[in-house]
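In terms of full-length UniProt numbering, the sequence shown has 152 at position 152, counting the first letter as 1, and numbering is strictly consecutive.
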Amino acid sequence: MAGEDKRRDERTAGGSEGKQNRLETNQFEADGLLATWFHRANSKEDMYKALMGDTMILEADVTLMGYGTPDEKPVPIMAHPPDIYSDNTLDEWLDAVLASGKGIKLDFKALESVGLSLDLLKQKESNKGINRPVWLNADILRGPNVPSFVAPDKFPDVTLSPGWKVWHARSKNPIEPLYQVTFPVHAMLVRSGWQHLSWLLNQSPRFSLTLWQGSVNPSVSDLLFVRDNTHPWQVYYDIYEPTLSEFKQAVGEDVKMNLH
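As structure tokens, then:
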């Protein structure tokens with residue numbers, strides 16, 4: 001793709017500004033750069049802060065109440081290890097988020113919490129309808145059957161983030177997934193590994209990448225390289241400020257294209 005021409009088109013493209021805190025499925029389908037996350041929205045205080053803010057997706061961690069202790073209960077709660085107690089259960093968290101226009105990303109921290117959490121999601125879908133993308137981080141799951149642990153007919157908008165160890169079990173005999181799969185990739189490593197990542201994206205239109213960062217900011221030039229060599233819907237950018245704003249400015253996302 002011609003990078004400069006592509007970015008020039010993005011700068012001049014029209015589109016409604018809209019409200020970025022109201023999540024629409026077509027925003028994801030159009031451009032992964034429009035997706036923004038609030039991390040560790042676990043406690044009620046942080047959850048409500050996220051719900052009142054402009055980020056599109058609440059990312060939260062799920063474990064069991066009292067996990068690993070004699071007081072363990074089969075109740076999914078919102079907590080990041082080493083915490084095993086919380087003022088927020090998954091049931092309460094889902095009710096609050098589903099009453100908003102925000103998206104959902106659940107990061108399972110205890111294997112035993114997965115089935116109970118999926119049961120809750122099914123219950124919410126039956127009673128209220130979810131009507132938005134749901135992201136499930138399945139890093140803790142292992143084995144070749146992991147990508148099928150969610151029935152796509154129950155959650156047609158689900159996106160799985162299975163991790164590389166999970167996918168390796170299937171890599172020799174890849175199949176067409178029945179739902180979206182996004183692969184987490186450290187943004188500092190994406191350019192050096194681009195040959196392999198590009199191959200992966202070409203295996204299915206349902207595959208995408210989610211670039212994430214650690215304590216060191218990735219370079220805008222590396223992010224632009226990815227942008228110039230992919231379609232907008234193929235990559236999500238979970239990148240911190242100020243790099244994210246600098247990247248968006250270079251791309252031309254100050255004009256919110258692809259919202260409709």
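C-beta: ideal position from N, C-alpha, C; glycine also.
Here the structure is a predicted model, which is why all the values come from computation and not from measurement.
Grab the span of the alpha helix (DSSP H) containing Gly115 for me, first residue to last.
-> Glu112 to Asn127
Rank Asn217, Val134 and Leu34 by C-alpha distance to the C-alpha of Leu94 and give the top, closest one.
-> Val134
Extent of the continuous beta strand (DSSP E) to which Asp61 belongs | Ile57 to Leu64
DSSP three-state assignment for Asp31, whether helix, strand or coil | coil
Identify which residue in Lys105, Glu112, Ser113 and Leu120 has its Cα closest to the Cα of Arg132.
-> Lys105
Answer with buried or exposed for Trp37, where buried requires no fewer than 16 other C-beta atoms within 10 angstroms of its C-beta.
-> buried
What is the DSSP secondary structure of Ser219, reduced to helix, strand or coil?
-> coil
Please say whether Tyr48 and Ala99 have beta carbons closer to each other than 9 Å?
-> no
How is Lys49 classed by DSSP in three states: helix, strand or coil?
-> helix
Contact under 9 Å by Cβ, Tyr107 with Asn88 = Per the sequence shown, residue 107 should be read as Asp rather than Tyr. No; because the gap between Cβ atoms is not below 9 Å, this pair is not in contact.
Supposed close pair Val251, Ser208 - CB separation, criterion 8 Å | About 17 Å; that fails the 8 Å criterion.
Trp194 to Leu224 span [Cα, whole Å] | 13 Å
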